[in-house]
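Residue numbers (the numbering used here): 128 to 376. Backbone N, C-alpha and C fix where the C-beta goes; we use that ideal spot for every residue, glycine too. Because the structure is a prediction, the values reported are computed rather than measured. Notes follow the structure.
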Amino acid sequence: MKRYIPNALTLLNLSAGIIAVILAVQGHLILAAYFVFAGIFFDFFDGMAARLLNVEGELGLQLDSLADVVTSGVVPGIVLYQLFQLSLGENFIPGTTILGAHPGEGLATMHLLPFFGLLVSLGSAYRLAKFNIDDQQTSSFIGLPTPANALLILSLPLMLYFQPGSFDVVILNKWFLIGLTIFSTYILNARIPLFALKFKTWGFKENAIRYVFLIAALLLLILLQYAGIPLVIFLYILLSIWSNYSKAN
128 MKRYIPNALT LLNLSAGIIA VILAVQGHLI LAAYFVFAGI FFDFFDGMAA
178 RLLNVEGELG LQLDSLADVV TSGVVPGIVL YQLFQLSLGE NFIPGTTILG
228 AHPGEGLATM HLLPFFGLLV SLGSAYRLAK FNIDDQQTSS FIGLPTPANA
278 LLILSLPLML YFQPGSFDVV ILNKWFLIGL TIFSTYILNA RIPLFALKFK
328 TWGFKENAIR YVFLIAALLL LILLQYAGIP LVIFLYILLS IWSNYSKAN
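Structure, rendered in structure tokens:
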């Protein structure tokens, strides 16, 4: 029975991701973000459960990546699509599609730029496929993990809603969104080693970078709320680069 527990958690991740896809397509980006957060929560604990119960296997690895493609890949792409729509002055109204309309009528008025945001979904799928066949990412990551990238992107609608006026001009600028899409797709697959938040021991010396990151991340989130999420992700990348440089020298 215990061997089914990790896969059950992974399926909860996938379920949360599917619901988030539906919500994001309908324009409910805040609710979609919450379901992605729930999916990432389940994603964190399914691997932990597999290790604790000693039931790690190939099926769990493949299922985990399939779930992450949806929760941390497809959803961020759709959210970027919606943000691009808003940046172009499009007020998204769920349920306004006329199914009986001629397809050509929709294409004539469709903006192509929002589809650029889906590049993140493609980059996420590519990163997860590489992860499954890469034996160098057992104790650390190469490139930004898809859940961290999803947090980065999903923080944007949360900032727009809960911290209005502070970041609207930047977030709803199409050039910012283009730059974010390119950066996000690149950093997912960049050959940059990033430390993992896995503690083999609790000693400070061997986990100094993890403790520093966790304390700094907590302070940023307390002080800046949702606006702290992007800073936490960039801090994670910068600390990893600094750590790699320190080890090399």
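- Message: Taking the straight line between their C-alpha atoms, what separation do you get for V197 and L207?
- Response: 15 Å
- Message: Does R254 pass the burial test, meaning 16 or more other C-beta atoms within 10 Å, or should it be called exposed?
- Response: buried
- Please determine if the region 293-303 and the region 182-192 are in contact, where contact requires at least 3 C-beta pairs separated by less than 8 Å. no
- Kindly give me the distance between the Cβ atoms of S367 and I319, rounded to whole angstroms, as I take these residues to be in contact under 8 Å. 7 Å
- Message: Would you call the region 135-151 in contact with the region 163-173, where contact means no fewer than 3 C-beta pairs closer than 8 Å?
- Response: yes
- Message: Rounded to the nearest angstrom, what separates I146 and L348 at their Cα positions?
- Response: 26 Å
- Would K374 be called buried (16 or more neighbouring beta carbons within 10 Å of its own) or exposed? exposed
- Item | Under the three-state DSSP convention, the category L321 falls into | strand
- Message: Quick check on the burial criterion: 16 or more other C-beta atoms within 10 angstroms. Buried or exposed for P291?
- Response: exposed
- Item | C-beta atoms of I205 and V163 nearer than 8 Å | no
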